[in-house]
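Participant: Below are the structure tokens for one structure; questions will follow.
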Amino acid sequence: MALAEFEKKERRLVILRLLAEDTDYRAPSSLIERGLEMYALSTSRDNLHTELFWLKEQGLVTLDEIATVYVVTLTQRGLDVTKGLATVPGVKRPGPGA
Numbered sequence: 003m004a005l006a007e008f009e010k011k012e013r014r015l016v017i018l019r020l021l022a023e024d025t026d027y028r029a030p031s032s033l034i035e036r037g038l039e040m041y042a043l044s045t046s047r048d049n050l051h052t053e054l055f056w057l058k059e060q061g062l063v064t065l066d067e068i069a070t071v072y073v074v075t076l077t078q079r080g081l082d083v084t085k086g087l088a089t090v091p092g093v094k095r096p097g098p099g100a
């Protein structure tokens, strides 16, 4: 598997984890973009939006568009993925004790 594919799976898990850390399980896409930078997983805004829509298609997040920003909300299924209680092909599975 190519490094780019590993990064994509890792980036998706980190997005879900960033949302899980928020008290109301939601954040604007601009804040998620900064969070990804902290984990050395920077990506273009266009690619981030593509990933967010992919996560939405999998039922892991919901999206609300406000002007040029998306407000991203974690679903119960997305939270289960961050805890390792559910798996989704294309999202890195968290390690034990996650």
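Per the numbering used here, the very first residue in the sequence shown carries number 3; after that it's consecutive.
Glycine residues also receive a C-beta, built at the ideal position from the N, C-alpha and C atoms.
What you are looking at is a predicted structure, and each value in this text was computed from that prediction instead of being measured.
Taking all protein chains shown into account, do 16 or more other C-beta atoms lie within 10 angstroms of the C-beta of T25, making it buried, or fewer, making it exposed?
Facilitator: Exposed.
Participant: Tell me which same chain residues have a C-beta within less than 7 Å of the C-beta of A22, skipping the five on either side of it?
Facilitator: Once the five neighbours on either side are set aside, the close Cβ partners of A22 are L76, L81 and T84.
Participant: With a Cβ-Cβ cutoff of 9 Å, do L43 and V16 count as a contact?
Facilitator: For L43 and V16, yes; Cβs fall inside 9 Å.
Participant: Return the chain-ordered ranges of every alpha helix (DSSP H) run that is complete within the region 37–95 and spans a minimum of 4 residues.
Facilitator: Here the runs fully enclosed are 47–59 and 78–84.
Participant: The beta strand (DSSP E) that contains A4, what's its start and end?
Facilitator: From DSSP, A4 is part of no beta strand (DSSP E); its letter is neither H nor E.
Participant: Pull up the DSSP beta-bridge partners for R28, would you.
Facilitator: Paired residue(s): T75.
Participant: Going by beta-carbon coordinates alone, are L65 and L54 separated by less than 9 Å?
Facilitator: Yes, Cβ-Cβ distance for L65 and L54 is below 9 Å.
Participant: Go through its chain and collect everything with a Cβ distance to A88's Cβ below 7 Å, but skip five positions before and after it.
Facilitator: Same-chain partners within the cutoff: R79 and D82.
Participant: Using 9 Å as the threshold, is the C-beta distance between G92 and Q60 below it?
Facilitator: Yes, these two residues count as a Cβ contact at 9 Å.
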